[in-house]
Amino acid sequence: MKTYIIDGNNLIGKVKSLQNLQQKLKDQSRKNLVKILDKYFSDKNYKISLHFDGYENEPVVSSKIKIYYSQNHSADSKIIKEIDSSKNPKLLTIVSSDSKIFDYAKVNSCEAIKSEDFAKIIRYKKNISEENIQKSISDNEIKKMFGLSE
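Residue numbers (my numbering): 45 to 194.
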(Lines of atoms letter the chains of each structure in order from A; the text may use other names.)
(Lines give C-alpha, C1' and ligand atoms only; values in the text may rest on other atoms or scores of the structure.)
Protein backbone atom coordinates (compact mmCIF):
# COMPACT_ATOMS: atom_id res chain seq x y z
CA MET A 45 0.00 0.00 0.00
CA LYS A 46 1.20 3.50 -0.82
CA THR A 47 2.40 5.20 2.36
CA TYR A 48 3.05 8.85 3.14
CA ILE A 49 5.56 9.61 5.88
CA ILE A 50 5.26 13.27 6.85
CA ASP A 51 7.64 15.43 8.86
CA GLY A 52 4.95 17.30 10.79
CA ASN A 53 6.96 20.14 12.32
CA ASN A 54 8.66 20.72 9.00
CA LEU A 55 5.31 20.93 7.18
CA ILE A 56 3.85 23.26 9.83
CA GLY A 57 6.79 25.58 9.16
CA LYS A 58 5.78 25.81 5.49
CA VAL A 59 2.12 26.78 6.07
CA LYS A 60 2.10 30.39 7.21
CA SER A 61 -1.02 30.26 9.39
CA LEU A 62 0.18 27.09 11.12
CA GLN A 63 3.65 28.53 11.56
CA ASN A 64 2.21 31.65 13.23
CA LEU A 65 -0.12 29.56 15.37
CA GLN A 66 2.68 27.22 16.46
CA GLN A 67 4.52 30.10 18.09
CA LYS A 68 1.61 30.60 20.49
CA LEU A 69 -0.37 27.34 20.52
CA LYS A 70 1.81 24.41 19.46
CA ASP A 71 -0.86 21.76 20.10
CA GLN A 72 -3.46 23.69 18.12
CA SER A 73 -1.13 24.00 15.13
CA ARG A 74 -0.69 20.21 15.25
CA LYS A 75 -4.46 19.66 15.45
CA ASN A 76 -5.04 22.00 12.52
CA LEU A 77 -2.41 20.20 10.44
CA VAL A 78 -4.15 16.89 11.16
CA LYS A 79 -7.49 18.41 10.07
CA ILE A 80 -5.92 19.58 6.81
CA LEU A 81 -4.32 16.20 6.15
CA ASP A 82 -7.50 14.31 7.07
CA LYS A 83 -9.40 16.38 4.54
CA TYR A 84 -6.73 15.97 1.86
CA PHE A 85 -6.42 12.20 2.28
CA SER A 86 -10.14 11.52 2.91
CA ASP A 87 -10.78 10.12 -0.57
CA LYS A 88 -7.42 8.38 -0.95
CA ASN A 89 -6.53 4.84 0.07
CA TYR A 90 -3.09 5.55 1.54
CA LYS A 91 -1.45 4.79 4.83
CA ILE A 92 -0.23 8.01 6.48
CA SER A 93 2.23 8.46 9.32
CA LEU A 94 2.81 11.90 10.75
CA HIS A 95 5.89 12.54 12.88
CA PHE A 96 6.28 15.36 15.41
CA ASP A 97 9.28 16.27 17.54
CA GLY A 98 8.83 16.07 21.28
CA TYR A 99 5.95 14.85 23.39
CA GLU A 100 2.20 14.70 23.03
CA ASN A 101 0.64 17.33 25.30
CA GLU A 102 -2.95 17.28 24.11
CA PRO A 103 -4.19 14.23 22.21
CA VAL A 104 -4.56 14.74 18.47
CA VAL A 105 -7.02 12.25 17.01
CA SER A 106 -7.37 11.01 13.46
CA SER A 107 -8.96 7.88 12.08
CA LYS A 108 -6.81 8.01 8.94
CA ILE A 109 -3.42 9.17 10.21
CA LYS A 110 -1.05 7.42 12.61
CA ILE A 111 0.60 10.14 14.70
CA TYR A 112 4.04 9.62 16.23
CA TYR A 113 5.89 11.76 18.77
CA SER A 114 9.66 11.44 18.89
CA GLN A 115 9.87 11.95 22.68
CA ASN A 116 13.59 12.08 23.59
CA HIS A 117 14.71 11.50 19.99
CA SER A 118 14.40 13.57 16.85
CA ALA A 119 11.49 13.05 14.50
CA ASP A 120 14.13 12.77 11.77
CA SER A 121 15.59 9.62 13.33
CA LYS A 122 12.10 8.11 13.67
CA ILE A 123 11.33 8.86 10.01
CA ILE A 124 14.61 7.25 8.93
CA LYS A 125 13.79 4.16 11.03
CA GLU A 126 10.39 3.94 9.36
CA ILE A 127 12.03 4.11 5.93
CA ASP A 128 14.52 1.41 6.98
CA SER A 129 11.76 -0.89 8.23
CA SER A 130 9.77 -0.70 4.99
CA LYS A 131 9.66 -3.88 2.91
CA ASN A 132 9.07 -1.85 -0.25
CA PRO A 133 10.49 1.71 -0.03
CA LYS A 134 9.29 2.43 -3.58
CA LEU A 135 5.78 2.65 -2.12
CA LEU A 136 6.84 5.38 0.32
CA THR A 137 6.39 9.10 -0.23
CA ILE A 138 8.40 11.18 2.20
CA VAL A 139 7.30 14.77 2.86
CA SER A 140 10.12 16.88 4.33
CA SER A 141 12.35 19.79 3.44
CA ASP A 142 15.06 18.54 5.77
CA SER A 143 17.92 17.76 3.39
CA LYS A 144 19.11 14.77 5.44
CA ILE A 145 15.69 13.10 5.28
CA PHE A 146 15.02 14.15 1.69
CA ASP A 147 18.37 12.77 0.48
CA TYR A 148 17.97 9.59 2.56
CA ALA A 149 14.56 9.00 1.00
CA LYS A 150 15.93 9.43 -2.53
CA VAL A 151 18.89 7.10 -1.89
CA ASN A 152 16.44 4.47 -0.62
CA SER A 153 14.21 4.66 -3.73
CA CYS A 154 11.38 6.54 -2.01
CA GLU A 155 9.46 9.34 -3.63
CA ALA A 156 10.36 12.59 -1.86
CA ILE A 157 8.38 15.83 -1.83
CA LYS A 158 9.58 19.05 -0.24
CA SER A 159 7.24 20.29 2.48
CA GLU A 160 6.67 23.64 0.76
CA ASP A 161 5.59 21.84 -2.43
CA PHE A 162 3.28 19.51 -0.52
CA ALA A 163 1.80 22.50 1.32
CA LYS A 164 0.91 24.03 -2.05
CA ILE A 165 -0.61 20.76 -3.25
CA ILE A 166 -2.87 20.30 -0.24
CA ARG A 167 -3.88 23.95 -0.17
CA TYR A 168 -4.85 24.18 -3.84
CA LYS A 169 -6.22 20.70 -4.47
CA LYS A 170 -8.59 20.82 -1.55
CA ASN A 171 -9.18 24.58 -1.56
CA ILE A 172 -7.96 24.90 1.99
CA SER A 173 -7.27 28.55 2.49
CA GLU A 174 -5.31 29.82 5.43
CA GLU A 175 -8.36 31.87 6.46
CA ASN A 176 -10.44 28.70 6.83
CA ILE A 177 -7.75 27.17 9.02
CA GLN A 178 -7.72 30.20 11.28
CA LYS A 179 -11.53 30.26 11.46
CA SER A 180 -11.41 26.77 12.97
CA ILE A 181 -9.84 28.16 16.13
CA SER A 182 -12.47 28.48 18.84
CA ASP A 183 -13.09 31.65 20.83
CA ASN A 184 -11.60 30.02 23.93
CA GLU A 185 -8.38 29.23 22.09
CA ILE A 186 -8.13 32.84 20.93
CA LYS A 187 -8.68 34.01 24.52
CA LYS A 188 -5.90 31.64 25.67
CA MET A 189 -3.59 33.07 23.03
CA PHE A 190 -4.04 36.56 24.47
CA GLY A 191 -4.00 35.47 28.11
CA LEU A 192 -7.70 36.20 28.64
CA SER A 193 -8.84 32.69 29.56
CA GLU A 194 -10.36 32.07 32.96
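Cβ atoms here follow ideal geometry from the backbone N, Cα and C, with glycine treated the same way.
Note that this is a predicted model, so its numbers are computed, not measured.
Going by the CB atoms, is the gap between S121 and V78 shorter than 7 Å? At a Cβ-Cβ threshold of 7 Å, V78 and S121 do not count as neighbours.
Buried or exposed: G191, going by 16 or more other Cβ atoms within 10 Å of its Cβ? Burial call: exposed.
Report, in whole angstroms, the separation of the C-beta atoms of I92 and I50, which I expect to be a contact under 8 Å. With 8 Å as the limit, I92 and I50 qualify as a contact, their Cβ atoms being about 7 Å apart.
Quick one: Cα of V104 to Cα of D142, how far? So the alpha carbons of these two residues sit roughly 24 Å apart.
By alpha-carbon positions, which one of L135, A163, S118, N132 ends up nearest to K144? Nearest C-alpha to K144: S118.
Restricting to runs no shorter than 4 residues, where is the alpha helix (DSSP H) found entirely within the segment 94 to 142? With a minimum length of 4 residues, the continuous alpha helix (DSSP H) runs that stay inside the segment 94 to 142 are 119 to 128.
Beta-ladder partner(s) of A156, from DSSP: The secondary-structure analysis by DSSP pairs A156 across a beta bridge with I138.
Are the beta-carbon atoms belonging to D128 and E102 less than 7 Å from one another? Result no, Cβ atoms of D128 and E102 do not sit closer than 7 Å.
From the DSSP secondary-structure annotation, give me the bridge partner or partners of D51. DSSP, once it has assigned bridges, lists H95 as partnering D51.
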